[in-house]
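Student:
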Amino acid sequence: MTWLWVVLVLVVLGSTAAVAVGRGGAMARAYPDRREVRLPADRPVRASDLDDVRFSVVLRGYRMDEVDDVISRIGRDLSEREERVADREREVAESERWRHDRLDDRLDDRLDDRLDDRLDDRLDPDERPAPPAPADEPAGDQGER
Numbered sequence: 001m002t003w004l005w006v007v008l009v010l011v012v013l014g015s016t017a018a019v020a021v022g023r024g025g026a027m028a029r030a031y032p033d034r035r036e037v038r039l040p041a042d043r044p045v046r047a048s049d050l051d052d053v054r055f056s057v058v059l060r061g062y063r064m065d066e067v068d069d070v071i072s073r074i075g076r077d078l079s080e081r082e083e084r085v086a087d088r089e090r091e092v093a094e095s096e097r098w099r100h101d102r103l104d105d106r107l108d109d110r111l112d113d114r115l116d117d118r119l120d121d122r123l124d125p126d127e128r129p130a131p132p133a134p135a136d137e138p139a140g141d142q143g144e145r
């Protein structure tokens with residue numbers, strides 16, 4: 001009877017070794033049996049992206065309620081941060097537009113003043129050109145022909 005057990009153990013060990021080195025046919029190809037956790041790769045993660053994330057349920061691992069709490073917190077933080085950044089970008093754009101407009105106005109005024117001063121300095125009062133005629137009155141001899 002002992003010999004029977006020894007032979008049986010040797011057959012089991014030999015079969016196991018043969019399968020381990022690739023004899024006896026290959027094992028079936030493993031396939032993923034869980035959903036993939038997808039986050040966008042082409043842009044930063046937004047709060048709305050976290051609403052769609054689902055994790056696989058396992059016997060051992062993290063407590064689901066803790067994971068849910070953390071994800072909810074991250075989602076709230078991201079939403080608040082996105083709102084603050086959008087507000088700051090709007091404020092900066094408005095400030096830049098205001099500063100640009102104000103600077104343009106000041107430069108226009110300064111250039112006009114300088115040009116007027118230079119013209120006044122170079123021309124005698126008698127040499128200054130007459131102001132242009134209004135558009136509804138004909139200028140000079142052009143209307144007589």
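This note's numbering puts the sequence shown at residues 1 to 145. For glycine and all other residues, C-beta sits at the position ideal for the given N, C-alpha and C.
Please name the residue, chosen from Ala-47, Asp-108, Leu-4, that lies closest to Gly-75 on a Cα-to-Cα basis.
Tutor: Ala-47
Student: Looking at the unbroken alpha helix (DSSP H) that takes in Ala-41, where does it start and where does it end?
Tutor: From DSSP, Ala-41 is part of no alpha helix (DSSP H); its letter is neither H nor E.
Student: Comparing the CB of Ala-86 with every heavy atom of the ligand GDP, is any distance shorter than 6 Å?
Tutor: Of ligands this structure carries none, so the ligand GDP is not represented either.
Student: What is the residue span of the alpha helix (DSSP H) that Ala-20 lies within?
Tutor: 2 to 20
Student: So, helix, strand or coil for Gly-75, using DSSP?
Tutor: helix
Student: Given a cut-off of 7 Å on the beta-carbon distance, is the pair Leu-103 and Ile-71 in contact?
Tutor: no
Student: What residue range does the alpha helix (DSSP H) around Ala-47 cover?
Tutor: 47 to 51
Student: Among the candidates Asp-113, Ser-56, Gly-14, whose CA atom is the shortest distance from the CA of Pro-32?
Tutor: Ser-56
Student: Whole angstroms is fine: what's the gap from Leu-13's alpha carbon to Val-67's?
Tutor: 44 Å
Student: Please identify the residue among Val-53, Ala-28, Arg-84 whose C-alpha is closest to the C-alpha of His-36.
Tutor: Looking at the sequence shown, residue 36 is not His but Glu. Relative to the Cα of Glu-36, the nearest Cα in the group Val-53, Ala-28, Arg-84 belongs to Val-53.
Student: Measuring only the C-alpha atoms, how far is Arg-145 from Asp-113?
Tutor: A caution first: Arg-145 carries a pLDDT of 47, below 50, which makes its placement in the model unreliable, though a value can still be read off. If I take the Cα positions, the gap works out to 40 Å.
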